[in-house]
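This report concerns only the one structure given below.
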Amino acid sequence: MDRFSWSTGGPLYGEKEILKQSSVRIYDGDEKTSYDDGSLILTTHQIIWRDSSDFQICISVPLCLVVFCEKQSGGIGRSAKLSVHLQAAQANRTPGPVSRSRYDYVRFSFKNGGESEFHTKLQSAMQTKEWEKTSSQATSSPVSKSSAKTGPIRASGIVGIERKIEENRRVTDKNISVAFQDLTKLMEKAKEMVSLSSNIANKIKDKKGDITDDETVKFKSYLLSLGIPNPVTKETHGSGTHYHMQLAHEIASLLKQPLEENAGIMLLSDAYCRINRARGMELLSPEDLLNACRMLDNLKLHMKLREFETGVLVLQLDSHSDEKVISQTTELVDDSKSLSAQELANLVSVSVLLAKERLLLAERAGKLCRDDSDEGLRFYPNLFAQPMR
Amino acid sequence: MRRRGVGASAVTKKKLESARYKERGTELAAQQLEQLSSQLETFHTNLEEFAAKHKNEIRKDPQFRHQFQQMCASIGVDPLASGKGFWSEMLGVGDFYYELGVQAVEICIATRSQNGGILTMDELHKRLMKTRGRYGQDITQEDIRTAIKKLKVLGTGFALLGSASKQIIQSVPGELNMDHTAILDLAQQTNGKVSASQVQSALLWSPERTQQVLEHLTREGMAWADDQAKDKQRLYWFPALFNSDRKLKS
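Chains A and B, in that order, give the protein sequences.
First residue of the first sequence? That's 14 in our numbering, and the numbers climb one at a time after it.
First residue of the second sequence? That's 488 in our numbering, and the numbers climb one at a time after it.
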């Protein structure tokens, strides 16, 4: 109660009235006071109480002192109350009705109800912090600075210890709420921050070329930027076949382009990294990825899982299906009369092993013939299968 | 009104002025860059801290999660920084090892152009510690091994090779390895044979990478090992090139 100051009730600079509720009594902590019937006014800057019979009696407390407020529901013969916890008063406080109080909070008792609305409005006013925006100009305000320093409470004896414990609890409470507030604050301003972060990064890129020299960080940034807004999760799609089917769709749409850029083939471990980076914090297990990839072929998603004899698993685009590979390889061999695995590898820029595999595939299809000598394996067009000219 | 300067002294003066402006301009630009870098740093620290501390809250809100990821992408922060925790430690479950797996693969892909998909365990460990940032828990090489084992179902393309003392991580299997072509190209210029040291100096490869590729080529029958060279260095011969070799001589 010692935080209250005498007031004229006139508006401060930039102040607006938000809500007014009549028949409110003030308690100093748990004790009744003589301020038993008045109207309570919430403005953007302060809480004002004005006696209903004598308008001269008017007291106020600035909102910047409010730490938090909580509702206490009423009962039979008891009206609902609102506890408002306050910071220690400032040294330059203009005088008020009470010079010293042992409570750090006041309670408003709402005889006519309306405490809920008051509570919500008060909380939103505390979040908007309208007074901070105008306090620099508000010379008539009793509050000169919004960031009031909590003065040390000097006390001794049991009361002092109690007060200290209470103080500690309050500080802890506040710390928790502030810690949470930070995330909520970040969430509120997320959009702003997203554009700010990309702004900064872009400006640095303009000036320096890139935000970092570390190739891993660059690659990470790139992968993360391909983020999926709503990744398929077990929470949204269950854990059965349906889940894996949806995952398969997600994988196909995300990896189509990188696959095309990578000659239509990608290691499953690479795919695992890419898909999880795009999903962000919703990680996918290797098993789920494997199960989803097994469905790609059946779902006709233009790619499929392929296993080499060595146990290497890859995702492969359908444009690299066997028939196409055979006809392409045969054509190349036709063009150059004969090819070894290495020469084909150079021509189509795939690994030697894959090139050899392609040649063997074409051979099995009867399109090519081999010449296996100590100089290595070469393949020629299969003239036997061609009609005589 | 001021009289406009004429003559040689005016020209010198003007030149001096423009030089000063230029100097001031670069100074300002440098200052701005410094400010931007410090802003980036602040962002970096905060995002790392939030990713480590508020992971679950961030995950709960899809819209915010996406926004958080966008921020991480711009700044280059790794959003994955789970602690190992009790369950991961005891049973090896939870996100910790999956995260480590994703990060390990990412490092391998990012450095592939330099090392051809061969990375030593020490190097990977060092890079992982860096990527996980200040708020991430320290990781051991044993953690990395566990994480890589979890990737086993994804095939043998990503594998841990070698003994415990000197392990290497191979992220490009023979099927996708373009290094063979590079060695064959080199051998074509050196009469169909190469030694390991030749490859290392000509292609600037690490000893691990060279060894992997040459051994693989030998296993596949594309190269023949020759231990009878004069300087005791093993030579690798490529029979596929004998023909062109002979053609060169004739």
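Beta carbons: idealized from backbone N, C-alpha and C, even for Gly.
Under 9 Å from the C-beta of residue i: neighbouring residues of chain A
i, result
"B/T643", "F321, T323, G324, V325, L326"
"B/Y585", "N289, L296, L297, S298, P299"
"B/K542", "M294"
Host beta strand (DSSP E) of residue i (start-end)
i, result
"A/F81", "79 to 85"
"B/L648", "646 to 648"
"A/R383", "381 to 386"
"B/K717", "Segment: none, B/K717 is in no beta strand (DSSP E) and carries neither H nor E."
"A/T56", "51 to 56"
"A/V327", "326 to 330"
"A/Q409", "Lying before the first or after the last residue shown, residue 409 of chain A is absent from chain A, which here runs from 14 to 402."
Within chain A, the residues that residue i reaches when beta carbons sit closer than 8 Å
i, result
"B/Y791", "Here chain B covers residues 488 to 737 and nothing more, so residue 791 of chain B does not appear."
"B/T532", "Going along chain A, no residue has its Cβ under 8 Å from B/T532, so there is no contact; the nearest lies around 13 Å."
"B/L738", "What is shown of chain B runs 488 to 737, which leaves residue 738 of chain B out entirely."
"B/A597", "E228, T229, K231, F232, K233"
9 Å Cβ cutoff, residue i in contact with chain B
i, result
"A/A161", "With a pLDDT of only 40 at A/A161, under the threshold of 50, the placement of this residue in the model should not be trusted; the figure read from the coordinates follows. Not closer than 9 Å to any Cβ of chain B, the Cβ of A/A161 fails to qualify, so no."
"A/M200", "yes"
"A/K220", "yes"
"A/D283", "yes"
"A/E300", "yes"
"A/M206", "yes"
"A/C77", "no"
"A/A398", "no"
"A/R290", "yes"
"A/D227", "yes"
"A/V191", "With a pLDDT of 43 at A/V191, under the threshold of 50, the modelled position of that residue is not reliable, and the figure given next carries that caveat. No, its Cβ sits nowhere closer than 9 Å to a Cβ of chain B."
"A/K317", "no"
"A/D387", "yes"
"A/S332", "no"
"A/L374", "no"
"A/C71", "no"
"A/G293", "yes"
Expected contact under 8 Å - CB spacing of residue i and residue j to nearest Å
i, j, result
"A/A291", "A/L267", "6 Å"
"A/Q100", "A/L78", "5 Å"
"A/S122", "A/Y40", "6 Å"
"A/C82", "A/S96", "6 Å"
"A/S364", "B/N664", "5 Å"
Near the ligand FAD: residue i beta-carbon under 8 Å from a heavy atom
i, result
"B/H703", "Summarising the ligand content, the structure contains no ligands, and the ligand FAD is consequently not present."
Three-state secondary structure (DSSP) of residue i
i, result
"A/T246", "coil"
"A/H98", "strand"
"A/E347", "Residue identity differs from the one stated: residue 347 of chain A is Asp in this sequence, not Glu. A/D347 falls in the helix class under three-state DSSP."
"B/T513", "helix"
"A/D186", "Confidence in A/D186 is poor, its pLDDT being 44 and thus under 50, which makes the residue's placement too unreliable to answer from."
"A/E30", "strand"
"A/G88", "strand"
"B/Q556", "helix"
"A/L312", "coil"
"A/K124", "coil"
"B/K540", "helix"
"B/L520", "helix"
"A/F193", "Note that A/F193 scores a pLDDT of 35, beneath 50, so its modelled location is shaky and nothing firm can be said."
"B/I655", "strand"
"A/P24", "coil"
Any chain A beta carbon closer than 9 Å to residue i
i, result
"B/A560", "yes"
"B/S693", "no"
"B/L647", "no"
"B/V686", "no"
"B/A712", "no"
"B/H612", "no"
"B/F729", "yes"
"B/V592", "yes"
"B/G603", "no"
Where the alpha helix (DSSP H) through residue i begins and ends
i, result
"A/G389", "Element bounds for A/G389: not the alpha helix (DSSP H) but the beta strand (DSSP E), 389 to 394."
"B/E662", "B/E662 -> no alpha helix (DSSP H), and no H or E assigned at all."
"B/M616", "608 to 618"
"A/T229", "228 to 238"
"B/Q685", "683 to 690"
"B/F583", "582 to 597"
"B/R632", "628 to 637"
"A/R377", "365 to 377"
Interface partners of residue i on chain B, CB under 9 Å
i, result
"A/S66", "Residues of chain B passing the Cβ test: none, with the nearest at roughly 50 Å."
"A/I278", "E662, L663"
"A/A358", "M665, H667, T668, L671"
Contacts that residue i makes with chain C (C-beta to C-beta distance below 9 Å)
i, result
"B/G563", "In the structure shown, chain C does not exist; the protein chains are A and B."
Under 7 Å from the C-beta of residue i: neighbouring residues of chain A
i, result
"B/L673", "Those within 7 Å of B/L673 in chain A number zero; the least Cβ separation is about 12 Å."
Chain B contact residues for residue i, given Cβ-Cβ distances below 7 Å
i, result
"A/L303", "V640, L641"
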